[in-house]
Amino acid sequence: MNLFNGIADSIGRGINLMLDQEIRIGVTGLSRGGKTALITSLVNMISSFGDVGTIERLPRFSAYESKKISYGGVARPRDLRVKAFPYQQAYADLTSEPPVWPEPTSGISEIRLELRYKNDDFLSLSDTKHLYIDIWDYPGEWLMDLMLLKMDYEEFSDQIKKRVSAIQNVTGAGEWVKAGACLKGDGPVNENDLHQVVSLYTSWLKECKKQGFAMIVPGRFVLPGDLEGAPILEFVPWVWDKPEVHKSDSLYETLKERYHAYREKVVKKFYNNCFSRLDRQIILIDCLKALMGGRETFMDINDTFDVLLENFSYGSSNLLSRLFSPKIDKVIFAATKADTITIDQHENLLNLLRSMVKQASARVRADGSNCEFMILSAIRASRCLYAEHEGRQVQVLATDYPEEPAFFPGSVPAKWSREGMEFFQQYFRMKDFRPPKLNFGDPVPHINIDALLNYLLKDKL
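Its first residue numbered 4, the sequence shown is counted upward by one per residue in my numbering.
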């Protein structure tokens, strides 16, 4: 029965792809980048399609009216073996009293959405067409592992050795490097000694993450999921002098073997499940967090996306490529948390985003994909008002909580420079908002989610 269901599912997917009735959207973002919030907001908006008053909330989704969309909602899962994205729980969290932010992702989940709209094909027997949208969610900590797909153990070790040197002024790696220096690479494996070094290396990765760095590898070390305690995670990069002679059962060869097992059995599986068959991609970047972290953090996040995008297949799409070798034909680079700055700073944030991903976006375009830039707030937690600040009228931010006074966050530089970053860090107030107050049934407030949908879906409707 499982084999029959699998064959039937594959045939159904093939038919949908041939008729251009299925689209797979990848939400690519680092840890705490806003993936879960964005998917929650997208599901909430699409689930309101067909309701009275929806069109007024979608001024930039022109296809909603022109294509006469009559329904939107959650469809039957594509893969019954994959955990469903917990939208109902996420929305319940937002509408609780007091409201709380949805829980961050701890594993892979999927949600399939369905749109129904008017069929303009006079030869068709049906007056309704369907578009199915598949979205995967996953821990951002696991995303960085994609860079390992093109690295052998020696290259991985060299990469970490360079990073230890590059960021030692911000977060030192002395403990695990010192402990690991006592390991005998050409000798037998002592699991207790190795485990101690792995634990110290993991603590260093967690400290790097706390400091705002993006290149945290292997990602499962800080969020192991169902691999916690598994031997496949018991390895470290070799940043010491490489042993000249080592037997097949030596420590060095064991570390090498475990690394390659991790890359083949964990990272490739993750890539195949979540990224190998994408049609469209949303790349979420927290530009403000990058600025607040300092020069090393900013450059680290900037370089990270250049490395990551090498693992995706970009280019124009046609019927054959959609069936056998999918390519990402549209990409959105999105600066998140636009609700933490005032409206008059939105243009600066957009320009900052463009300057950050200039090299990455050029590569995407060179491969033949369409590329767009956007600022977003998936769940808007503030509103912009005018108030007097230091003797002049300025835009300020207010929340749904009367006990929280409106405040002036400051200005955002339009591009990165050392002077601009130092000014930003000194005068900008980065505030973590509480969720907006919503009643059950209220739409999730946002910034630019309708424009995002228009870019992603208009040509498919």
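Glycine is no exception: its CB is placed at the ideal position from the N, C-alpha and C atoms.
If contacts are defined as beta-carbon pairs under 8 Å, then residue i and residue j qualify, I think. What distance do you get, rounded to the angstrom?
{"i": "Phe376", "j": "Leu353", "result": "6 Å"}
{"i": "Leu356", "j": "Ile288", "result": "6 Å"}
{"i": "Val399", "j": "Cys374", "result": "About 34 Å separates the two Cβ atoms, so there is no contact after all."}
{"i": "Ile138", "j": "Val30", "result": "6 Å"}
{"i": "Asp332", "j": "Gly318", "result": "7 Å"}
{"i": "Val167", "j": "Val269", "result": "Wrong, their Cβ atoms sit about 23 Å apart, outside the cutoff."}
{"i": "Lys181", "j": "Leu254", "result": "With a Cβ gap of about 17 Å, Lys181 and Leu254 do not count as contacting."}
{"i": "Tyr67", "j": "Tyr156", "result": "Actually they do not touch by this definition, with Cβ atoms about 51 Å apart."}
{"i": "Ile49", "j": "Leu118", "result": "7 Å"}
{"i": "Glu178", "j": "Leu203", "result": "5 Å"}
{"i": "Val447", "j": "Ser44", "result": "5 Å"}
To the nearest angstrom, how far is it from the Cα of residue i to the Cα of residue j?
{"i": "Gln214", "j": "Val173", "result": "8 Å"}
{"i": "Glu231", "j": "Cys277", "result": "21 Å"}
{"i": "Thr345", "j": "Cys387", "result": "6 Å"}
{"i": "Leu236", "j": "Leu149", "result": "16 Å"}
{"i": "Ser99", "j": "Trp207", "result": "37 Å"}
{"i": "Arg115", "j": "Ala87", "result": "9 Å"}
{"i": "Leu152", "j": "Val239", "result": "17 Å"}
{"i": "Ile72", "j": "Ser380", "result": "24 Å"}
{"i": "Ile304", "j": "Arg421", "result": "16 Å"}
{"i": "Gly190", "j": "Tyr430", "result": "55 Å"}
{"i": "Phe327", "j": "Leu312", "result": "Note that Phe327 has pLDDT 48, beneath the 50 cutoff, so the model's placement of it is unreliable and no number is given."}
{"i": "Val397", "j": "Phe410", "result": "10 Å"}
{"i": "Glu247", "j": "Ser160", "result": "16 Å"}
{"i": "Ser108", "j": "Gln91", "result": "One point to set straight first is that residue 108 is Thr, not Ser, in the sequence displayed. Distance between the alpha carbons of Thr108 and Gln91 is about 14 Å."}
{"i": "Ile378", "j": "Lys272", "result": "32 Å"}
{"i": "Tyr135", "j": "Asp252", "result": "51 Å"}
{"i": "Ile452", "j": "Ser51", "result": "13 Å"}
{"i": "Arg366", "j": "Ser316", "result": "11 Å"}
{"i": "Cys185", "j": "Arg27", "result": "48 Å"}
{"i": "Lys121", "j": "His449", "result": "27 Å"}
{"i": "Arg325", "j": "Gly423", "result": "A caution first: Arg325 carries a pLDDT of 49, below 50, which makes its placement in the model unreliable, though a value can still be read off. Going by the C-alpha atoms only, they are around 44 Å apart."}
{"i": "Asp130", "j": "Asp342", "result": "41 Å"}
{"i": "Asp244", "j": "Ala401", "result": "56 Å"}
{"i": "Ala417", "j": "Ala337", "result": "15 Å"}
{"i": "Glu106", "j": "Ile382", "result": "14 Å"}
{"i": "Cys290", "j": "Arg79", "result": "36 Å"}
{"i": "Lys340", "j": "Ser69", "result": "30 Å"}
{"i": "Pro408", "j": "Val85", "result": "44 Å"}
{"i": "Tyr265", "j": "Phe216", "result": "22 Å"}
{"i": "Val415", "j": "Asp123", "result": "46 Å"}
{"i": "Lys212", "j": "Glu144", "result": "9 Å"}
{"i": "Lys463", "j": "Pro329", "result": "16 Å"}
{"i": "Met302", "j": "Ile219", "result": "14 Å"}
{"i": "Gly76", "j": "Ala390", "result": "41 Å"}
{"i": "Ala454", "j": "Gly183", "result": "51 Å"}
{"i": "Leu441", "j": "Asp140", "result": "24 Å"}
Could you give the residue range of the beta strand (DSSP E) that holds residue i?
{"i": "Val397", "result": "Arg395 to Ala401"}
{"i": "Ala264", "result": "It is not in any beta strand (DSSP E) - Ala264 instead sits in the alpha helix (DSSP H) that spans Leu254 to Tyr265."}
{"i": "Lys268", "result": "Unbroken run through Lys268: none, as it is neither H nor E."}
{"i": "Tyr317", "result": "Premise fails: Tyr317 is in no beta strand (DSSP E) and is neither H nor E."}
{"i": "Thr31", "result": "Glu25 to Gly32"}
{"i": "Met377", "result": "Asn373 to Ile378"}
{"i": "Lys132", "result": "Thr131 to Asp140"}
{"i": "Gly183", "result": "Looking at the DSSP string, Gly183 is not in any beta strand (DSSP E); the run it does join, the alpha helix (DSSP H), is Gly177 to Gly183."}
{"i": "Ile285", "result": "Arg283 to Ile288"}
{"i": "Val77", "result": "Ile72 to Val77"}
Starting from residue i, trace the alpha helix (DSSP H) in both directions and tell me its first and last residue.
{"i": "Pro251", "result": "Position check: residue 251 holds Ser in this sequence, whereas Pro was assumed. Unbroken run through Ser251: none, as it is neither H nor E."}
{"i": "Tyr94", "result": "Tyr90 to Leu97"}
{"i": "Trp104", "result": "Per DSSP, Trp104 belongs to no alpha helix (DSSP H) and is neither H nor E."}
{"i": "Ala390", "result": "Premise fails: Ala390 lies in the beta strand (DSSP E), Arg386 to His392, not in any alpha helix (DSSP H)."}
{"i": "Arg421", "result": "Arg421 to Tyr430"}
{"i": "Leu203", "result": "Glu194 to Lys213"}
{"i": "Tyr120", "result": "It is not in any alpha helix (DSSP H) - Tyr120 instead sits in the beta strand (DSSP E) that spans Ser112 to Lys121."}
{"i": "Leu355", "result": "His349 to Met359"}
{"i": "Lys164", "result": "Tyr156 to Ala169"}
{"i": "Leu459", "result": "Ile452 to Leu460"}
{"i": "Ile335", "result": "Run containing Ile335: none in the alpha helix (DSSP H); it sits in the beta strand (DSSP E), Lys333 to Ala338."}
Taking C-alpha atoms, which residue in the options lies nearest to residue i?
{"i": "Met433", "options": "Ser420, Ile452, Pro412 and Ser73", "result": "Pro412"}
{"i": "Pro364", "options": "Asp306, Asp137, Ala409 and Phe273", "result": "In the sequence as displayed, the identity of residue 364 is Ser instead of Pro. Nearest C-alpha to Ser364: Asp306."}
{"i": "Leu97", "options": "Ala401, Phe224, Arg437 and Glu194", "result": "Arg437"}
{"i": "Leu83", "options": "Pro448, Ile58, Glu113 and Gly177", "result": "Glu113"}
{"i": "Pro142", "options": "Arg27, Leu459 and Gly36", "result": "Gly36"}
{"i": "Asn314", "options": "Lys187, Met154, Lys181 and Lys121", "result": "Met154"}
{"i": "Leu146", "options": "Lys463, Phe224 and Arg283", "result": "Phe224"}
{"i": "Gly371", "options": "Thr300, Arg283 and Lys70", "result": "Arg283"}
{"i": "Thr205", "options": "Gln428, Ile163, Gly444 and Glu425", "result": "Ile163"}
{"i": "Val192", "options": "Pro221, Lys361 and Glu256", "result": "Glu256"}
Can a CB atom of chain C be found closer than 8 Å to the CB of residue i?
{"i": "Thr131", "result": "No chain C appears in this structure, which consists of one protein chain only."}
### Task
Give a yes or no on contact between the stretch 170 to 189 and the stretch 265 to 279, applying the rule of three or more CB pairs nearer than 8 Å.
no
### Query
Using 8 Å as the Cβ pair cut-off and three pairs as the minimum, do the stretch 37 to 53 and the stretch 293 to 300 touch?
no
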